[in-house]
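Sequence order for the protein chains is A and B. Its first residue numbered 523, the first sequence is counted upward by one per residue in the numbering used here. Its first residue numbered 21, the second sequence is counted upward by one per residue in the numbering used here. Written out below as structure tokens is the structure these notes cover.
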Amino acid sequence: MPATNLWPDFQAPEAINSPVFLLKEQATALQQKTKGLVLAGLRPASAPDGSFWVGFNLYSPALGEYTYRLFEVTYPPQFFPVTLTAADTAQTVQTLDQFKALLESVLRSSRTKQVVEAIMAQATALGAVEAGK
Amino acid sequence: MATFLFWNLCGRPLEPVLRRLTARHGIDVLMLAECAIPEGAMLNSLNAGGPGTFRRLPPVASQRLDLYSRFDRLCFGPVLKEADHYIIRSLTPPGGIEIVLVMAHLASPIRRDLRARHSRCIGFAQAIRDAEQAAGNDRTVVVGDLNVNPFDDAMLDVRGLNALADSRTVLRKDPRRFGRLQVEEFRLFYNPMWSHFGDAVQPAGTYYYDKSNPEVDPLWNIYDQVLLRPGLLDRFRSKNLKILTTDGLHSLTRSDGTPNGDGFSDHLPIWFQLDLRRRVRHASNESLA
């Protein structure tokens, strides 16, 4: 007699509309855009009310332990509503499409551009020092 | 002794006041929030009044905090962690031990409610722990306008800044442990600012605000704080932390004791000292002990 399996079929994790996958895609895209000079990583933590907290950190292999926290997102286990906090503003959205639009506005902001360019400049300068050692 | 000053300038051109404060108190490390004074003007002013030569220690990409110091540039390690609202780097004063220096200006209550500010403190506290791990050092001092009071959840939550009012309790209870099967540990901070509430010693806080008028409101706040990890407690004395109310020439407060935001800043500066000198252990003493 075959073993009984009472579990349903599960969706592949990537098929679930999670804001985290969108963040991971953007991390990969940044690496391509900066030719590996600036990378992005997700730093998770648990928040006191049981929600999830993820920091979106920029870093560069040339800058050692340095990271720049560009923004943070918090969301419940069911993913929405998700709150994105960048600089002094916090915005909450209800759907993945809204989150995509909000994320695009943050990534394309002049402040983000300035931060990424500053890290690229610093990484390039220190990389040159390293090479000339 | 290493001598520190933190002040939220509220965008005011207070170079002459800063010159008097740094000279009067022998400041080694000057940390500023909401500073709109250009670097050149600031250095001209700071270096006209006192001994030593101040220089600016620039961040990589952060914009909201400024750091000036009389210590050599080489005393400061590279920036470890950064965001718009904090900068974390190591500092080793001449002849001293290495510490992790955390400067912060967290989100304002005007822009964010208390719950959102609490959430931001979770990420801030995690960045501090990451920096301590990267530096291999937990002699950490946090300085800044945290925009929460010492009694707010963000300061007391173990996943937040986890900062308590009594240094002996901090030494005894650090780290706080939760869970039986899966134990979670949370390092504590000592928060000496608790001792500065109330009118036993003036002023009653660092920031006074009575315009929003909610029914539960302390009016006097201590948003500007200094937090110390247990490893620095034997290098700090309570008398070596003061909320300043004068630069020696002008009072920074009004006649009712509240910060004079019209003439100066609506926040008062914090002065503190840490004994960061390297201590030499003598073998003869150790054998006696």
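Even glycine gets a Cβ: it sits at the ideal position worked out from N, Cα and C. Values in this document were obtained by computation on a predicted structure and should not be read as measured data.
I'd like to know whether the C-beta of residue i is nearer than 7 Å to at least one C-beta of chain A.
i, result
"residue 29 (chain B)", "no"
"residue 262 (chain B)", "no"
"residue 103 (chain B)", "yes"
"residue 143 (chain B)", "yes"
"residue 168 (chain B)", "no"
"residue 222 (chain B)", "no"
"residue 302 (chain B)", "no"
"residue 154 (chain B)", "yes"
"residue 110 (chain B)", "no"
"residue 258 (chain B)", "no"
"residue 309 (chain B)", "Here the model assigns residue 309 (chain B) a pLDDT of 42, short of 50, so the residue's position is not dependable, and the following value carries that caveat. No, no contact with chain A."
"residue 161 (chain B)", "no"
"residue 146 (chain B)", "yes"
"residue 120 (chain B)", "no"
"residue 139 (chain B)", "yes"
Can you list, in chain order, the residues of its chain with a C-beta nearer than 7 Å to that of residue i? Leave out the 5 residues immediately preceding and following it.
i, result
"residue 26 (chain B)", "51, 163, 164, 244, 289, 290"
"residue 90 (chain B)", "48, 72, 73, 74"
"residue 67 (chain B)", "73, 74"
"residue 296 (chain B)", "22, 113, 116, 117, 119, 255"
"residue 95 (chain B)", "111, 112, 113, 114"
"residue 150 (chain B)", "101"
"residue 174 (chain B)", "137, 138, 141, 168, 180, 181"
"residue 31 (chain B)", "54, 56"
Only counting the same chain, and skipping five residues up and downstream in sequence, which positions put a Cβ closer than 6 Å to that of residue i?
i, result
"residue 293 (chain B)", "21, 23, 260"
"residue 539 (chain A)", "618"
"residue 86 (chain B)", "52, 55"
"residue 187 (chain B)", "210, 253"
"residue 645 (chain A)", "559, 582, 584, 585"
"residue 639 (chain A)", "none"
"residue 322 (chain B)", "Residue 322 (chain B) lies beyond the stretch modelled for chain B, which goes from 21 to 309, so this question has no answer here."
"residue 88 (chain B)", "50, 74, 76"
"residue 600 (chain A)", "none"
Under 8 Å by Cβ, that's how I've got residue i and residue j pegged, so tell me the actual separation to the nearest angstrom.
i, j, result
"residue 580 (chain A)", "residue 637 (chain A)", "7 Å"
"residue 250 (chain B)", "residue 184 (chain B)", "Wrong, their Cβ atoms sit about 11 Å apart, outside the cutoff."
"residue 302 (chain B)", "residue 263 (chain B)", "About 38 Å; that fails the 8 Å criterion."
"residue 178 (chain B)", "residue 196 (chain B)", "5 Å"
"residue 663 (chain A)", "residue 146 (chain B)", "Residue numbering for chain A in the displayed model covers 523 to 655; residue 663 (chain A) lies beyond these limits and cannot be assessed."
"residue 246 (chain B)", "residue 161 (chain B)", "7 Å"
Alpha carbons only, please: which of the options is nearest the one belonging to residue i?
i, options, result
"residue 134 (chain B)", "B:144, B:153, B:167, B:121", "B:167"
"residue 558 (chain A)", "A:525, A:582, A:568", "A:582"
"residue 124 (chain B)", "B:144, B:136, B:235, B:118", "B:144"
"residue 565 (chain A)", "A:547, A:551, A:593", "A:593"
"residue 620 (chain A)", "A:567, A:630, A:555, A:605", "A:605"
"residue 536 (chain A)", "A:530, A:527, A:546", "A:546"
"residue 60 (chain B)", "B:81, B:121, B:33, B:248", "B:33"
"residue 603 (chain A)", "A:610, A:647, A:630, A:622", "A:622"
"residue 234 (chain B)", "B:129, B:115, B:44", "B:129"
"residue 39 (chain B)", "B:31, B:64, B:296", "B:64"
"residue 642 (chain A)", "B:117, B:171, B:80, B:161", "B:80"
"residue 628 (chain A)", "A:561, A:567, A:524, A:595", "A:595"
"residue 591 (chain A)", "A:584, A:600, A:608", "A:608"
"residue 572 (chain A)", "A:531, A:530, A:533, A:598", "A:598"
"residue 180 (chain B)", "B:148, B:30, B:152", "B:148"
"residue 549 (chain A)", "A:567, A:610, A:588, A:562", "A:562"
"residue 285 (chain B)", "B:178, B:160, B:227", "B:227"
"residue 99 (chain B)", "B:281, B:155, B:62, B:45", "B:155"
"residue 267 (chain B)", "B:280, B:258, B:257", "B:280"
"residue 542 (chain A)", "A:625, A:527, A:632, A:633", "A:625"
"residue 158 (chain B)", "B:189, B:170, B:108", "B:108"
Within a Cβ cutoff of 8 Å, which residues of the same chain sit near residue i, ignoring the five residues on either side of it in sequence?
i, result
"residue 222 (chain B)", "265, 277"
"residue 126 (chain B)", "105, 106, 137, 140, 141, 144, 164, 165, 166, 167, 168"
"residue 274 (chain B)", "280"
Are any of the Cβ atoms in chain B nearer than 7 Å to that of residue i?
i, result
"residue 597 (chain A)", "no"
"residue 591 (chain A)", "yes"
"residue 609 (chain A)", "yes"
"residue 581 (chain A)", "no"
"residue 654 (chain A)", "Residue confidence is low: residue 654 (chain A) scores 46 on pLDDT, short of 50, so the model does not pin down where it sits. Its coordinate-derived value is still stated next. Judged by the 7 Å Cβ criterion, residue 654 (chain A) is not in contact with chain B."
"residue 548 (chain A)", "no"
"residue 554 (chain A)", "no"
"residue 612 (chain A)", "yes"
"residue 637 (chain A)", "yes"
"residue 644 (chain A)", "yes"
"residue 577 (chain A)", "yes"
"residue 562 (chain A)", "no"
"residue 569 (chain A)", "yes"
"residue 584 (chain A)", "no"
| Unbroken alpha helix (DSSP H) runs of length 4 or more, entirely within the stretch 138 to 184 of chain B: which are they? | 173 to 176
| Segments assigned beta strand (DSSP E), at least 3 residues, entirely inside the stretch 261 to 288 of chain B | 261 to 263
| said: Give the list of continuous alpha helix (DSSP H) stretches no shorter than 4 residues that lie fully inside the stretch 42 to 87 of chain B. | reply: 59 to 69
| Residue ranges of each alpha helix (DSSP H) within the stretch 602 to 647 of chain A, 4 or longer | 618 to 629
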